[in-house]
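Number of protein chains: 2
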Amino acid sequence: MTHKLALIGFGNVGQGFAEILRDKKEFLYETEELTTKIVAIADINKGSIYHPDGLDISTVLDVLEGTGTIENYPACEGLMTGWNSLKTIQETNADTIIEVSFTDVNTGQPAIDYCKAAFNSGKNVVMTNKGPVALAFKELMELARRKGVYWGFEGTVMSGTPALRMPVTTLAGNEITEIRGILNGTTNYILTKMEEDGISFKEALKQAQELGYAEADPTNDIEGYDARYKIVILANYLMGANLNVKDVICKGITNLTLKEIETAKMERKRWKLLAKATKRGEQICASIAPEKVELLDPLASISGAVNAVTYECDLLGPVTLSGAGAGKRETGFSLLIDLISIHRQTLSNHNR
Amino acid sequence: MTHKLALIGFGNVGQGFAEILRDKKEFLYETEELTTKIVAIADINKGSIYHPDGLDISTVLDVLEGTGTIENYPACEGLMTGWNSLKTIQETNADTIIEVSFTDVNTGQPAIDYCKAAFNSGKNVVMTNKGPVALAFKELMELARRKGVYWGFEGTVMSGTPALRMPVTTLAGNEITEIRGILNGTTNYILTKMEEDGISFKEALKQAQELGYAEADPTNDIEGYDARYKIVILANYLMGANLNVKDVICKGITNLTLKEIETAKMERKRWKLLAKATKRGEQICASIAPEKVELLDPLASISGAVNAVTYECDLLGPVTLSGAGAGKRETGFSLLIDLISIHRQTLSNHNR
Chain W
2 MTHKLALIGF GNVGQGFAEI LRDKKEFLYE TEELTTKIVA IADINKGSIY
52 HPDGLDISTV LDVLEGTGTI ENYPACEGLM TGWNSLKTIQ ETNADTIIEV
102 SFTDVNTGQP AIDYCKAAFN SGKNVVMTNK GPVALAFKEL MELARRKGVY
152 WGFEGTVMSG TPALRMPVTT LAGNEITEIR GILNGTTNYI LTKMEEDGIS
202 FKEALKQAQE LGYAEADPTN DIEGYDARYK IVILANYLMG ANLNVKDVIC
252 KGITNLTLKE IETAKMERKR WKLLAKATKR GEQICASIAP EKVELLDPLA
302 SISGAVNAVT YECDLLGPVT LSGAGAGKRE TGFSLLIDLI SIHRQTLSNH
352 NR
Chain E
2 MTHKLALIGF GNVGQGFAEI LRDKKEFLYE TEELTTKIVA IADINKGSIY
52 HPDGLDISTV LDVLEGTGTI ENYPACEGLM TGWNSLKTIQ ETNADTIIEV
102 SFTDVNTGQP AIDYCKAAFN SGKNVVMTNK GPVALAFKEL MELARRKGVY
152 WGFEGTVMSG TPALRMPVTT LAGNEITEIR GILNGTTNYI LTKMEEDGIS
202 FKEALKQAQE LGYAEADPTN DIEGYDARYK IVILANYLMG ANLNVKDVIC
252 KGITNLTLKE IETAKMERKR WKLLAKATKR GEQICASIAP EKVELLDPLA
302 SISGAVNAVT YECDLLGPVT LSGAGAGKRE TGFSLLIDLI SIHRQTLSNH
352 NR
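Going line by line, the protein sequences match chains W and E. Just so you know, the first sequence maps onto residues 2 to 353 in the working numbering. Just so you know, the second sequence maps onto residues 2 to 353 in the working numbering.
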């Protein structure tokens, strides 16, 4: 059974995902018996195409590169163009919606509405937008469950590094009493540079911007807002918390001085912007703040743009996972692993 | 449906596992709908008991502590004593055999025969013995498949730290091109002590022995033989290799001098006993050898008895997992997570 996909959004991540499906077609069939077809793509800037029998990925990418819009895809019988995102979600024959639209992280829109539309149409959603998961977790999870569809969002925390799926599949049976993470690559890159090169926060930020690690307006990263969304997702999904983004105390790294960085060094410590969620009795508290960690703490050695998370488990003790926290292929992979999970469930049901 | 278990072996790990089942009874039911019953225990030194309706774990542990044999379990109708391991495997009503017998790692026996007997009786096996997995992987996996039963062995590599299950459930879709690990806590403890305290290999070994990290005869650890079994399991299970333990080049840490440790320090490097498996084209090579790793390598900061492994993935890049590599509760947990995996499969089949 071919798994039919519709992509809502076709920016960097969507294109990275499409390239993976194209490049690993044989591998995915051999290792997972997975065959996929992209039947539709709808992007607010790059146009919209739909063919119930599937689109050729290389042709889509070529046409986009050459003409700036996917609607120049070669005309053929059954090809439709110009459908908007909602219509694409509701009326195409896709099994799963790959939701990678441009979304306002403060409202979670339009991604929240897209999720609802998909679930109500009996379609799975796999996504990388943080907003809907941080802002509307309970509501959307409940709706997906009621409609009997799957909702995957591995990519919302550490791109393809399995910060969400790893504990669920491999640490079950433990109670997770604390989660501590380096969940923002930009700030970790800045802190690493300050310590290694002995430069100020301002200089390090400038370098990060020149290298494309930080945006022109870096507020979201350096004030800890990005990490705040991610710790809310981790706490709500893995610890059963009921946190709101606004409730999380949040302090960024803008006031950290070179002197503080160097003092820590002499104490055999290192400043890190830590995202934390801690269980105390029935209560779960979360915070974002710079903290001096011991050099022997596994999080201390996480340098540059790498991300990492430590799960404190009652049976197993601390378990730490580190890897990429961003990137076109890496985030594209997060969509793939969610898709593989859906496929494995389907397969195990069919094989009975 | 209650999952019925028979424990073959009742040493440290078996007792740790039994304690977990007792202490987390409600938690496992609430989070996983898992209910278990230990129906039989057979240990070559501590005796053997079987009751088809299940044994009371606290009573078993008390009786063992008080009298040195579990056969002093209070007599009741239906209780049988004195069954040997094979009879316990073949003739009890257990669904799953928890294989934690005392086994010769060079031959994998008697654990290999126990696995075969269990599979042939239609019973799952969950185990922590490395021998059978390193020496008879293909044969046993094939038999388990043919008999439609499950074979779990998470605990053979990094105790409960999910070195095997994590990549299978969360990195699928990637090709793993290299695995590099610190898979032996004893040698890592010795290397950490040499560097931190400036003491010789001999002194560090003595300390490790006093603390119980190293055995009276430490050969198996310090010559790399223990890590060799583990890299063979990782390579064969995760990379589809067909390695024999004897084929793996193996160099221990006995010749490493304090001077070499200190020279590395000045180069911003650190000696680690690395277990490696590398794919080159269709070929997979594995080795155990001390290696100087860069301080910024996530493996460099793994100190003391902690274990860690880095998976080099074609889509996601390097992903590193670190955590306990030994311990009563930690290894007991490895059995639990294998059991939870069986239970989840059963549950998802029943719910259809």
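Glycine included, each C-beta is placed from N, C-alpha and C at the ideal position. In this text the structure is predicted, and so the values were computed from the model without any measurement.
Residue closest to residue i, alpha-carbon to alpha-carbon, out of the options
i: residue 79 (chain W); options: W:94, W:100 and W:11; result: W:94
i: residue 112 (chain E); options: E:122, E:96, E:87 and E:97; result: E:87
i: residue 99 (chain W); options: W:332, W:346 and W:348; result: W:332
i: residue 37 (chain W); options: W:265, W:164, W:295 and W:19; result: W:19
i: residue 293 (chain E); options: E:196, E:234, E:350 and E:242; result: E:196
i: residue 285 (chain W); options: W:341, W:237, W:315 and W:134; result: W:237
i: residue 83 (chain W); options: W:103, W:59, W:50 and W:56; result: W:50
i: residue 201 (chain W); options: W:169, W:254, W:96 and W:172; result: W:254
i: residue 308 (chain E); options: E:249, E:190 and E:240; result: E:190
i: residue 45 (chain W); options: W:8, W:143 and W:341; result: W:8
i: residue 227 (chain E); options: E:342, E:280 and E:106; result: E:106
Local Cβ density within 10 Å of residue i, reported as buried at 16 or more and exposed below that
i: residue 198 (chain W); result: exposed
i: residue 353 (chain W); result: The predicted model places residue 353 (chain W) with a pLDDT of 47, which falls under 50 and marks its position as unreliable; any figure quoted below should be read in that light. Residue 353 (chain W) is exposed by the Cβ-count criterion.
i: residue 47 (chain W); result: buried
i: residue 85 (chain W); result: exposed
i: residue 124 (chain W); result: buried
i: residue 16 (chain E); result: buried
i: residue 13 (chain E); result: exposed
i: residue 349 (chain E); result: exposed
i: residue 1 (chain E); result: Limits of chain E in this structure are 2 at one end and 353 at the other, which puts residue 1 (chain E) out of reach.
i: residue 240 (chain E); result: buried
i: residue 194 (chain W); result: buried
i: residue 209 (chain W); result: buried
i: residue 149 (chain E); result: exposed
i: residue 220 (chain E); result: exposed
i: residue 76 (chain E); result: exposed
Length of the line joining the Cα atoms of residue i and residue j
i: residue 299 (chain W); j: residue 181 (chain W); result: 11 Å
i: residue 62 (chain E); j: residue 120 (chain E); result: 28 Å
i: residue 217 (chain W); j: residue 188 (chain W); result: 14 Å
i: residue 122 (chain W); j: residue 145 (chain W); result: 10 Å
i: residue 261 (chain E); j: residue 277 (chain E); result: 21 Å
i: residue 11 (chain E); j: residue 317 (chain W); result: 20 Å
i: residue 115 (chain E); j: residue 52 (chain E); result: 20 Å
i: residue 257 (chain E); j: residue 274 (chain E); result: 10 Å
i: residue 214 (chain E); j: residue 245 (chain E); result: 27 Å
i: residue 69 (chain W); j: residue 59 (chain W); result: 15 Å
i: residue 163 (chain E); j: residue 326 (chain E); result: 10 Å
i: residue 165 (chain E); j: residue 132 (chain E); result: 16 Å
i: residue 345 (chain E); j: residue 32 (chain E); result: 11 Å
i: residue 297 (chain E); j: residue 306 (chain W); result: 12 Å
i: residue 287 (chain W); j: residue 192 (chain W); result: 22 Å
i: residue 104 (chain W); j: residue 135 (chain W); result: 13 Å
i: residue 302 (chain E); j: residue 169 (chain E); result: 25 Å
Same chain only: Cβ atoms within 6 Å of residue i, ignoring 5 sequence neighbours per side
i: residue 322 (chain E); result: 167 and 310
i: residue 242 (chain E); result: 236 and 285
i: residue 176 (chain W); result: 315
i: residue 153 (chain W); result: 127 and 339
i: residue 3 (chain W); result: 36 and 38
i: residue 96 (chain E); result: 4 and 5
Proximal residues to residue i (C-beta, below 8 Å), its chain only, five neighbours per side dropped
i: residue 54 (chain E); result: 38, 40 and 79
i: residue 27 (chain E); result: none
i: residue 30 (chain E); result: 36
Residues that residue i contacts on chain C, provided the C-beta gap is smaller than 7 Å
i: residue 20 (chain W); result: Among the protein chains of the structure shown, namely W and E, there is no chain C.
Residues near residue i in its chain [Cβ-Cβ closer than 7 Å; skip 5 each side]
i: residue 328 (chain W); result: 160
i: residue 335 (chain W); result: 129, 155, 156, 160 and 161
i: residue 313 (chain E); result: 177, 178, 179 and 319
i: residue 265 (chain E); result: 271, 272 and 293
i: residue 225 (chain E); result: 251, 252, 253, 274 and 289
i: residue 92 (chain W); result: none
i: residue 65 (chain W); result: 47 and 71
Item to complete: Mind listing, in chain order, the continuous alpha helix (DSSP H) runs of no fewer than 4 residues lying wholly within the stretch 133-218 of chain E?
Response: The stretch 133-218 of chain E contains these whole alpha helix (DSSP H) runs: 138-148, 156-159, 166-171, 186-198 and 202-211.
Worksheet entry | Completely contained alpha helix (DSSP H) runs for the stretch 58-119 of chain E, where each covers 4 or more residues | Entirely contained in the stretch 58-119 of chain E, the alpha helix (DSSP H) runs reaching 4 residues are, in chain order, 58-68 and 86-92.
Threshold first: 3 residues or longer. Then list the beta strand (DSSP E) segments lying entirely within the stretch 263-306 of chain W, N to C.
Fully enclosed beta strand (DSSP E) runs of 3 or longer: 270-281 and 284-295.
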